[in-house]
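Working notes, structure below.
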């Protein structure tokens with residue numbers, strides 16, 4: 001039937017249409033067959049049909065056919081166009097073959113095609129997705145050198161990548177450069193920067209950017225207000241969040257459903273979930289359909305609050321109104337179960353959502369990864385890590401950070417460090433969180449020199465050690481009773497321009513208490529007050545423990561009274577430390593203290609009970625122990641195992 005096709009004017013269109021039909025139906029093999037027939041009868045397929053076939057073959061991973069087709073195009077036509085090259089670059093990038101994509105971009109000139117901004121943007125975006133921001137910036141520099149002007153979208157990609165890494169300072173520099181080369185920033189780039197500052201808890205700077213964009217005539221959209229309102233309720237002042245909502249109503253900039261999204265998000269961040277849910281229900285009753293954004297806000301809020309059943313009810317309501325879940329919806333649902341330690345259920349839901357075609361990304365896998373580590377299930381964490389990569393979902397900086405942090409906390413510092421090296425080899429830039437996790441891991445094992453080496457490496461890589469870094473190192477020195485080195489690290493913190501926080505002071509006070517150096521303890525207490533820090537429950541517990549350890553029980557009781565006078569609420573550590581200290585002193589006195597504590601609404605826990613019974617038995621008073629246990633039957637403790645001892 002093919003012999004006469006070349007005699008007809010419609011040969012090309014018939015075969016070309018047939019090839020496209022097979023591709024649309026997902027029948028790639030049949031489409032390739034049509035292409036072979038076209039070549040046999042001397043018909044040259046259209047460039048657009050060839051590009052569509054390239055996209056299909058790259059999607060299914062048939063690289064052999066891709067390269068054969070490419071060679072045939074070079075020899076027999078049609079000549080590859082920019083559109084063809086860009087489709088191939090995109091396909092290889094999606095499969096993670098960035099080096100191949102880069103090579104294609106570099107050989108375009110050989111085939112009389114000049115790489116355009118679209119091709120560069122594809123490659124820049126792919127590098128950013130994998131966390132290779134430095135490589136992405138190199139691509140921008142290369143395109144400028146080759147005479148290709150970056151678009152505003154190019155810079156949007158870069159700014160988003162830098163903000164995702166927490167590098168808002170560099171992101172701001174990029175915004176300034178955009179304006180220097182004559183490009184006008186758009187609302188998207190400002191939203192990205194505002195969001196970056198909010199995530200860094202710098203709501204003041206976020207507000208300044210908001211005012212700056214308005215002064216330049218850039219109209220804020222729903223995303224802008226959503227970010228700012230959430231930021232005010234989370235990290236700023238509730239009054240500012242309410243003020244922004246009122247401004248929004250007066251300005252009348254947004255449609256009703258966008259106002260709903262922002263109001264619901266603000267109420268959720270303020271913890272007013274009932275009010276947020278009421279707005280959703282009212283809209284539905286009035287026949288107005290809220291967007292996925294509004295539902296996502298409520299689902300995420302319920303999940304954060306540990307109310308995963310309520311989160312699922314909202315999810316079902318969303319599905320009832322035929323709204324398609326986003327990747328954020330799926331991640332929030334998994335987060336609720338993960339935080340409760342219900343990892344098997346979470347994993348089942350993950351598979352169900354994937355089976356239904358819901359968008360699952362690396363965030364969902366990272367949520368489960370953190371959940372397994374939180375539960376202490378190292379095997380489960382490693383399994384989900386491997387599965388993520390087997391499914392072609394490549395870990396980003398956040399996923400690597402979570403895995404390294406989990407391994408470090410579990411004491412598997414060698415594995416964590418190997419992963420750190422792998423992360424660097426893949427071109428992912430470790431951030432402060434990664435370094436701090438490793439430094440903490442080394443410090444916990446007493447390997448302070450290696451921790452210090454990492455701190456120096458941070459600086460060499462352009463990262464600035466933060467307050468967390470120094471607190472970890474100071475704690476490491478204190479744990480291993482090297483107080484001079486701890487003090488030196490404290491002074492280094494000052495030299496770096498960092499202000500000590502309550503954690504810094506508590507760590508040093510605790511270290512000096514353990515070393516029985518009360519002069520230094522008092523010195524740091526005075527220093528803490530002078531710098532505007534009030535003691536918290538941890539400070540008082542450290543002091544009480546220090547006095548109890550040195551058998552200065554009168555001072556410990558005075559410290560307890562001071563704690564109460566300051567309006568600080570004692571916790572179980574306070575009570576148990578007092579119990580243990582007083583029992584070592586005079587047992588009858590311990591009973592008096594116990595009575596006093598019970599009047600303060602203290603409910604003894606297992607540790608309290610263990611302390612008292614242990615001291616009764618050590619002093620040969622088993623009958624007294626039994627009597628005390630009988631008095632405690634009103635507390636929900638299982639005392640049998642202590643009595644047997």
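Residue numbers (UniProt numbering): 1 to 645.
Where is the CB? At the ideal position from N, CA and C, for every residue including glycine.
Note that this is a predicted model, so its numbers are computed, not measured.
Beta-carbon proximity check, residue i vs residue j, cutoff 8 Å
{"i": "residue 478", "j": "residue 532", "result": "no"}
{"i": "residue 264", "j": "residue 305", "result": "no"}
{"i": "residue 276", "j": "residue 297", "result": "yes"}
{"i": "residue 441", "j": "residue 416", "result": "yes"}
{"i": "residue 200", "j": "residue 168", "result": "yes"}
{"i": "residue 308", "j": "residue 337", "result": "yes"}
{"i": "residue 59", "j": "residue 91", "result": "yes"}
{"i": "residue 330", "j": "residue 300", "result": "no"}
{"i": "residue 687", "j": "residue 225", "result": "Given a span of 1 to 645 for the chain in the structure shown, any question on residue 687 remains unanswerable."}
{"i": "residue 114", "j": "residue 157", "result": "no"}
{"i": "residue 556", "j": "residue 579", "result": "no"}
{"i": "residue 544", "j": "residue 564", "result": "no"}
{"i": "residue 161", "j": "residue 128", "result": "yes"}
{"i": "residue 333", "j": "residue 347", "result": "no"}
{"i": "residue 233", "j": "residue 270", "result": "yes"}
{"i": "residue 651", "j": "residue 473", "result": "As shown, the chain starts at 1 and ends at 645. That puts residue 651 outside it, with no answer to give."}
{"i": "residue 515", "j": "residue 481", "result": "yes"}
{"i": "residue 80", "j": "residue 111", "result": "yes"}
Contact set for residue i: own chain, Cβ-Cβ below 8 Å, skip 5 residues either direction
{"i": "residue 341", "result": "371, 374, 375"}
{"i": "residue 660", "result": "With the chain running from 1 to 645 in the structure shown, residue 660 is simply not present."}
{"i": "residue 44", "result": "12, 38, 76, 77, 78"}
{"i": "residue 209", "result": "190, 193, 194, 197"}
{"i": "residue 377", "result": "343"}
{"i": "residue 104", "result": "85, 88, 89, 92"}
{"i": "residue 179", "result": "185"}
{"i": "residue 450", "result": "442"}
{"i": "residue 571", "result": "537, 541"}
Sequence-distant residues of the same chain with beta carbon closer than 6 Å to residue i, five excluded per side
{"i": "residue 187", "result": "218, 221"}
{"i": "residue 292", "result": "323, 326"}
{"i": "residue 468", "result": "436"}
{"i": "residue 509", "result": "521, 524, 542"}
{"i": "residue 448", "result": "476"}
{"i": "residue 183", "result": "152"}
{"i": "residue 131", "result": "396, 397, 428"}
{"i": "residue 518", "result": "none"}
{"i": "residue 647", "result": "With the chain covering only 1 through 645, there is no way to say anything about residue 647."}
Cβ shell of residue i (< 7 Å), same chain only, five flanking positions each side left out
{"i": "residue 366", "result": "398, 399, 402"}
{"i": "residue 520", "result": "512"}
{"i": "residue 475", "result": "443, 507"}
{"i": "residue 159", "result": "171, 174, 175, 189, 192, 193"}
{"i": "residue 408", "result": "416, 437, 438, 440, 441"}
{"i": "residue 420", "result": "404, 430, 434, 438"}
{"i": "residue 228", "result": "194, 206, 210, 244"}
{"i": "residue 486", "result": "474, 477, 478, 508, 511"}
Three-way DSSP call (helix, strand, coil) for residue i in this model
{"i": "residue 461", "result": "coil"}
{"i": "residue 233", "result": "helix"}
{"i": "residue 130", "result": "coil"}
{"i": "residue 79", "result": "coil"}
{"i": "residue 326", "result": "coil"}
{"i": "residue 116", "result": "coil"}
{"i": "residue 56", "result": "helix"}
{"i": "residue 291", "result": "coil"}
{"i": "residue 71", "result": "helix"}
{"i": "residue 532", "result": "coil"}
{"i": "residue 219", "result": "coil"}
{"i": "residue 151", "result": "coil"}
{"i": "residue 418", "result": "helix"}
{"i": "residue 486", "result": "helix"}
{"i": "residue 551", "result": "coil"}
{"i": "residue 494", "result": "helix"}
Residue i: CB within 7 Å of a non-hydrogen atom of the ligand SAH
{"i": "residue 502", "result": "Ligands are entirely absent from the displayed structure, and the ligand SAH is therefore not among its contents."}
Determine contact between the segment 143–154 and the segment 379–390, defined as no fewer than three beta-carbon pairs at a distance below 8 Å.
They do not touch, by the three-pair rule.
For the segment 486–505 against the segment 525–545, do three or more pairs of beta-carbon atoms, one drawn from each stretch, fall closer than 8 Å, so that the two count as touching?
yes
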